Amino acid sequence: SLSTTLETCPSKERGKVAIAVGGFSSAVGRVFVALLASALYDPSYNPQYSRFGWRVCLLLCTIPGVIALVLGLYVLAESPRFLLVWGRKEEASQALRNLALKNGKADQFPEGTE
């Protein structure tokens, strides 16, 4: 999804967005895991330091990924390259037009492109 996100960014901002998305998601993920581990593992409750076990922690850590997958299926548009590879030229051209509009480059998009 990072590559799809970068396709929709203006070229001047792509590097910043790539670094920000990767850094932000990594930082949020690490904080989430630390908070989750703190909530699930309590040494005063269980001398073996395991309230629920590693399986519950692993299951809960997959929830953000599942949410991102479901949202990605409905929010992200198809990649123009994917559409072109599968022979869907008209849809690929329309997707490129939409990207040009989002990037403020609609006036530079060639007319009659199919």
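Reading the sequence shown from the start, the letters are residues 73 to 186 in my numbering.
All residues carry an ideal CB built from backbone N, CA and C; glycine is no exception.
All values derive from a computational prediction rather than experimental measurement.
### Query
Would a C-beta distance cut-off of 8 Å place residue 112 and residue 133 closer than the cut-off?
In this structure, residue 112 sits away from residue 133, with a CB-CB distance that is not shorter than 8 Å.
### Cβ neighbour criterion (16 or more within 10 Å) applied to residue 82
It is exposed - the Cβ of residue 82 has fewer than 16 other Cβ atoms within 10 Å.
### Task
Determine the DSSP secondary structure at residue 175, reduced to helix, strand or coil.
Secondary structure of residue 175 (DSSP, three-state): coil.
### Message
Can you give me the C-alpha to C-alpha distance between residue 109 and residue 142, rounded to a whole angstrom?
### Response
25 Å
### Cβ neighbours of residue 150 in the same chain (closer than 8 Å, five flanking residues each side left out)
163 and 167
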